[in-house]
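Following: one structure in structure tokens, then a few remarks.
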Amino acid sequence: MLEIACNLSRVRASLPEGTTLVAVSKTHPVEAIREAFDAGHRIFGESRPQELCAKHEALPAEIEWHMIGHLQTNKVKYIAPFVRMIQSVDSARLAETIQREAAKCGRTIDILLEIHVAQETTKSGWDVGELKRYLDSAPFREMPNVCVRGVMGIATNTDDETTVRRDFSELKRCFDLFRPYFGARFDTLSMGMSHDYPLAVECGATMVRVGSSIFGERDYGE
Ligand SMILES: *Cc1c(COP(=O)(O)O)cnc(C)c1O
Numbered sequence: 002m003l004e005i006a007c008n009l010s011r012v013r014a015s016l017p018e019g020t021t022l023v024a025v026s027k028t029h030p031v032e033a034i035r036e037a038f039d040a041g042h043r044i045f046g047e048s049r050p051q052e053l054c055a056k057h058e059a060l061p062a063e064i065e066w067h068m069i070g071h072l073q074t075n076k077v078k079y080i081a082p083f084v085r086m087i088q089s090v091d092s093a094r095l096a097e098t099i100q101r102e103a104a105k106c107g108r109t110i111d112i113l114l115e116i117h118v119a120q121e122t123t124k125s126g127w128d129v130g131e132l133k134r135y136l137d138s139a140p141f142r143e144m145p146n147v148c149v150r151g152v153m154g155i156a157t158n159t160d161d162e163t164t165v166r167r168d169f170s171e172l173k174r175c176f177d178l179f180r181p182y183f184g185a186r187f188d189t190l191s192m193g194m195s196h197d198y199p200l201a202v203e204c205g206a207t208m209v210r211v212g213s214s215i216f217g218e219r220d221y222g223e
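Here you go:
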């Protein structure tokens, strides 16, 4: 079996039934994604709009593209025509922009609310209190072209299992806290990457985002 296909089946086999696997293909070439596609995989995550657009154009239309990296509002228009899910929605302004651009395309775009739980101050995401205040003012009801499907987050980058577990548990708490605002379609808790996804699954992840364990190490930055 080819290496990527082999890695994919190993990661899939390690996930409980019903867990969604997003194969994070950022920085990896179209050929690598094609290999995963040929092995039956359909859900891919990218973190840069330009790279996402180029890969979308080069690869089969059946692929479900997820935007997982920080997204500037002025870039939303490039991905709005095709993106399946934007996982990194970390501000009201971004949500409102997605609403506007999705409406222009006559689409509804699934989003996740990215919540800041990690100890590093550099990671983006909503502060929980701030998000709660925003939701209490009910603005998502006025966004018919945005479907809020759940919560996304990144744990602190550390080998200390206690810290990582605490971050994942906090994301799970947020998921349970915000679910009543949205109802049944709010079903996605996206957390866990190559080095920590088994712990994320233990803490309740319904979706994991795995890159290097499938495609190998990345040569250049995020
Ligand atoms: C790059 C990235 C991943 C995947 O990271 P790996 O360590 O390669 O599995 C997951 N989530 C986000 C938000 C990322 O930027």
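Each number in the numbering used here corresponds to the 1-based position in the sequence shown with 1 added. Even for Gly, the Cβ is constructed at its ideal location relative to N, Cα and C.
Where residue i sits in the DSSP three-state scheme
i           : result
residue 107 : coil
residue 5   : helix
residue 67  : strand
residue 223 : Any reading at residue 223 is ruled out, since the residue's pLDDT is 48, under 50, leaving its predicted position unreliable.
residue 98  : helix
residue 130 : helix
residue 200 : helix
residue 180 : helix
Residue burial classification, residue i (beta-carbon count within 10 angstroms, cutoff 16)
i           : result
residue 201 : buried
residue 46  : buried
residue 75  : exposed
residue 181 : exposed
residue 197 : buried
residue 130 : exposed
Proximity below 9 Å, CB of residue i to CB of residue j
i           : j           : result
residue 135 : residue 103 : no
residue 81  : residue 119 : no
C-alpha gap between residue i and residue j, whole angstroms
i           : j           : result
residue 132 : residue 3   : 44 Å
residue 29  : residue 71  : 18 Å
residue 108 : residue 149 : 14 Å
Anticipated Cβ contact below 8 Å, residue i with residue j, distance rounded
i           : j           : result
residue 164 : residue 21  : Not quite, the Cβ-Cβ distance comes to about 25 Å (not below 8 Å), so this is no contact.
residue 144 : residue 88  : Residue 144 to residue 88, Cβ: 17 Å. No contact.
residue 153 : residue 115 : 5 Å
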